[in-house]
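Protein chains in written order, with the working numbering: chain A, 72 to 281; chain S, 72 to 281.
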């Protein structure tokens, strides 16, 4: 089972490492990190480089594709090479997935038209620009397309997908393996729960970027 | 504020990317990925390479050190070069932290003697071999030393530390930024909560490796 994890300069690392850490534990998982060109890919802040072992020309028929987000997706929404690859692999995937603003790329590729989808909360409304139905849930399933909300939600998406592929017990074993028993010290992880002034602060910071 | 994220062949990627994704958002964060030698570092399954921009000889006085885990820590517990570096940086850090079996390295370096500490649940009892007090909590604070439980717990540790450094409001803003409003599809993320047969399955799988 080939799992293509798409990388691009400016990604948010946890967007891809969250689902990767779950999906790599699936039986027969064959994970491939892939970018437009193979090589080092720097994250949003440039502090961390992940390595794309493959260029997109080498990975043409993955069973699963995971498209992560980051501020850089804003420009990639207009990058035909990226969108063409996403469309081409989606034609043969069993599962097409995204985390955070990765859904903006699925949307820009035309894969979410008329479908419910989620994204990072700050970019969620813009999904409608591409004919998708913005849906404020953490993980949104529409047939073979699964979109997840911001950054950390890819772990939940990964477990949801792991259960579909390998069963609930296997997914629970993965959850125990990564000791995913979250206990955040605050309850401010969504726009509904965070203090208003913090939502405003971040919304201003993100405006026009996501 | 220099934050050293330690890498080694065989790490579990989420162990380090979780806290990194939180701590990189701190004001004036200067994150350095560091390994015994600079270069590509492969994770446990070899599917993903992270890049260590620095060798340990270059990073000698970080303000914060984060030591992640993975099966490979078992061998590193006897690697004097690694333990010497951990001891040397700890002498000057403001915070010394670990995720998962990273605490086994802090323990082997002699930093946890007589201190409460946590680790991945499967290796937790072994902390006692180094004179630490195994403590089954998700995040354990002992002065400037903070240890976190398995894999995903580094996100919670990162937020706890972010609040200490930059205040509760800032940590909440980070939590909202990474949309950390966890909704795992199952409640099997700890040995207390997972079905007995799943705990047994994994305990057998991990025996002697962590």
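Glycine included, C-beta positions come from ideal geometry on N, C-alpha and C.
Quantities reported herein were computed from a predicted structural model and do not represent experimental measurements.
Original post:
What is the residue span of the alpha helix (DSSP H) that residue 159/A lies within?
Top reply: Element bounds for residue 159/A: 151-161.
**OP:** Within the same chain, show all residues whose beta-carbon is closer than 6 Å to that of residue 165/S, passing over the 5 residues directly before and after it, in chain order.
**Re:** Answer for residue 165/S: 134, listed in chain order.
**OP:** Could you check the C-alpha separation between residue 201/A and residue 149/A for me, to the nearest Å?
**Re:** Per the coordinates, the alpha-carbon of residue 201/A lies some 12 Å from the alpha-carbon of residue 149/A.
**OP:** Write down the C-beta distance between residue 274/A and residue 199/A rounded to the nearest angstrom, noting that I regard them as a contact closer than 8 Å.
**Re:** About 17 Å separates the beta carbon of residue 274/A from that of residue 199/A, a gap too long to meet the 8 Å contact definition.
Subject >> Top-ranked residue by Cα proximity to residue 116/S, from 126/S, 260/S and 80/S >> reply: If we check each option's Cα against that of residue 116/S, 80/S comes out closest.
**OP:** Kindly list, in the order they appear in chain A, the residues whose Cβ is closer than 7 Å to that of residue 246/S.
**Re:** Within chain A, 255, 257, 259 and 260 have C-beta atoms less than 7 Å from the C-beta of residue 246/S, given in sequence order.
**OP:** Express the C-alpha separation of residue 90/S and residue 227/S in angstroms, rounding to a whole number.
**Re:** So the two alpha carbons sit approximately 8 Å from each other.
Subject >> Same chain only: Cβ atoms within 7 Å of residue 124/S, ignoring 5 sequence neighbours per side >> reply: Take residue 124/S, set aside five residues on each side of it, and the residues of its chain with a beta-carbon closer than 7 Å to its own are 103, 104 and 109, in chain order.
Subject >> Proximal residues, the stretch 92-119 of chain A versus chain S, C-beta separation under 7 Å >> reply: Listed in sequence order: 92, 95, 102, 104, 111, 116, 118 and 119.
Original post:
Given a limit of 7 Å on CB to CB distance, which residues of the stretch 166-196 of chain S reach chain A?
Top reply: Among the residues of the stretch 166-196 of chain S, those with a Cβ less than 7 Å away from any Cβ of chain A are 191 and 192, in the order of the chain.
**OP:** Find the nearest neighbour of residue 95/A within the set 176/A, 76/A and 106/A, judged by alpha-carbon distance.
**Re:** Of the residues 176/A, 76/A and 106/A, the one whose Cα lies closest to the Cα of residue 95/A is 76/A.
**OP:** Could you tell me if residue 263/A is buried or exposed, where buried requires 16 or more neighbouring beta carbons within 10 angstroms of its beta carbon?
**Re:** Label assigned to residue 263/A: exposed.
Subject >> Cut-off 8 Å between Cβ atoms - residues of its own chain near residue 141/A, not counting five sequence neighbours on either side >> reply: 79, 81, 82, 83, 86, 114, 115, 171 and 172, listed in sequence order.
Original post:
Which residues in the same chain have their Cβ closer than 6 Å to the Cβ of residue 93/A, if we skip the five residues on either side of it in sequence?
Top reply: These residues qualify, in order along the chain: 229, 230, 233 and 245.
Subject >> Which listed residue (191/A, 242/A, 250/A and 237/A) has its alpha carbon closest to that of residue 252/S >> reply: Nearest option by C-alpha distance: 191/A.
Original post:
So which residues on chain S does residue 243/A lean against when the C-beta distance must stay under 8 Å?
Top reply: Within chain S, the residues 257, 259, 265, 266 and 269 have their CB atoms less than 8 Å from the CB of residue 243/A, given in chain order.
Subject >> chain S within 8 Å of residue 154/A, Cβ atoms only >> reply: No, no contact with chain S.
Subject >> Listed by chain order, chain S residues near residue 209/A by CB distance under 9 Å >> reply: What residue 209/A touches in chain S: 250, 252, 253 and 254.
**OP:** Can you tell me which of the three DSSP states residue 187/A falls into?
**Re:** It is a strand residue.
**OP:** Report buried or exposed for residue 168/S, applying the criterion of at least 16 other Cβ atoms within 10 angstroms of its Cβ.
**Re:** The residue is buried, with at least 16 neighbouring Cβ atoms inside 10 Å.
Subject >> residue 217/A versus residue 210/A - alpha carbon distance >> reply: Each residue's alpha carbon lies about 7 Å from the other.
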